[in-house]
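In the numbering used here, the protein residues as written are 27 to 112.
Below you can see the structure in the form of structure tokens.
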């Protein structure tokens, strides 16, 4: 289901190419992530690695909330409180 959003983001005539790119990036991350994790574990230790992971998770949650908020403002054309819909 990793390619489910591709048709929504890419023109119809470029879907195959976009799916290929998404698949290649996913395969690369499958190989690179454990290697990078092992290197970081050796360099900074488990405690710092867990803290770094928590910070990254928190930042991704904030970005998701902000992008969802903006999308909802666009969908429902919220005009009152325009300062919240940037």
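C-beta: ideal position from N, C-alpha, C; glycine also.
Where residue 31 sits in the DSSP three-state scheme: Coil at residue 31, not helix or strand.
Integer-rounded CB distance, given that residue 48 should sit under 8 Å from residue 32: 6 Å between Cβ atoms; contact.
Straight-line Cα distance separating residue 45 from residue 77: C-alpha separation (whole angstroms): 33 Å.
If the criterion is Cβ atoms closer than 8 Å, does the pair residue 66 and residue 75 meet it? Yes, Cβ-Cβ distance for residue 66 and residue 75 is below 8 Å.
In three-state DSSP terms, what is residue 37? Under the three-state reduction of DSSP, residue 37 is assigned to coil, being neither helix nor strand.
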